[in-house]
Amino acid sequence: TSPPSARCVWWRRLKHWFVSKTPACRGFFIAHPIPMITLSLLIKNEPAVTSAALRFAKASSDADARMHCVFFYGKGVLHATGPEKQFWSDWSRLVGARLVLCSASAETFGLIADDDFSVEGLGELIEAGLTSDKVVNFG
Numbered sequence: 739t740s741p742p743s744a745r746c747v748w749w750r751r752l753k754h755w756f757v758s759k760t761p762a763c764r765g766f767f768i769a770h771p772i773p774m775i776t777l778s779l780l781i782k783n784e785p786a787v788t789s790a791a792l793r794f795a796k797a798s799s800d801a802d803a804r805m806h807c808v809f810f811y812g813k814g815v816l817h818a819t820g821p822e823k824q825f826w827s828d829w830s831r832l833v834g835a836r837l838v839l840c841s842a843s844a845e846t847f848g849l850i851a852d853d854d855f856s857v858e859g860l861g862e863l864i865e866a867g868l869t870s871d872k873v874v875n876f877g
C-alpha cells in the first residue's frame, strides 16, 4: 500500500483545513493558511462621534486580522483621556497594536505621551499606511 501521506495528497488541493477520516491518516492535518490581513485605524474625531471605532476595535479582537497601529488625529486624540483611555490601553495590550497620538493635535489639547500612547508625527500615519494592508478611517 502507499504511505498515508500519498493517500492524502488530494486534500492539499482544498483551501480549508481538513482532517482525514482514513485510519492510516488519522490526526494528519493539512493546512492551507489564509493570509492574515494587517489593519491600522485612523481616528479623527472625539469619542462621542466615533463610537463605531470602539465597536470595530472590539470586533476585530476576535477576527483573523492583525492590528498594526491606531493613529489618533485632530479631536481623535481625546480618546487618550477619560474612560476611552482605559479601553484603548487594555485593547492594545490584547492585540499588540501601537497607539499613536498626532504630535500637533496632542500639543493643541495639552496631552503628553505615557506608557500606552506615544506622541509622533504624521510620518507614523504614512508608515502605518505603507505597512498595513488596509487603513480604516473613523471620523
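Quick note: the sequence shown uses this note's numbering, first residue 739, plus one each step. Each residue gets a CB set at the ideal place from its N, CA and C atoms; glycine is no exception. No experiment lies behind these values; they were computed from the predicted model shown.
Ranked by how close their Cα comes to the Cα of Glu784, the residues Ser798, Glu822, Ser827 have Glu822 in first place.
Note on Leu849: 16 or more other CB atoms within 10 angstroms of its CB, so buried under the neighbour-count rule. With contact defined as three or more Cβ pairs closer than 8 Å, the segment 857-866 and the segment 785-804 are not in contact.
When DSSP states are grouped into helix, strand and coil, Ala786 belongs to the coil group.
Between the alpha carbons of Thr788 and Gly861 lies a distance of about 23 Å. When the five nearest sequence neighbours on each side are left out, the beta carbons in the same chain lying within less than 7 Å of the beta carbon of Ala851 are those of Val857, in order along the chain. Counting of Cβ neighbours within 10 angstroms places Ser799 among the exposed residues, the total staying below 16.
With 16 or more neighbouring CB atoms inside 10 Å of its own CB, Gly814 falls in the buried class. Residue ranges of uninterrupted alpha helix (DSSP H) with 4 or more members, entirely inside the segment 785-823 and ordered along the chain, are 789-798. Approximately 5 Å separates the beta-carbon atoms of Val874 and Leu779; this is inside 8 Å, confirming the contact.
For Leu860, there is no enclosing beta strand (DSSP E); the enclosing alpha helix (DSSP H) has its first and last residue at 860-869.
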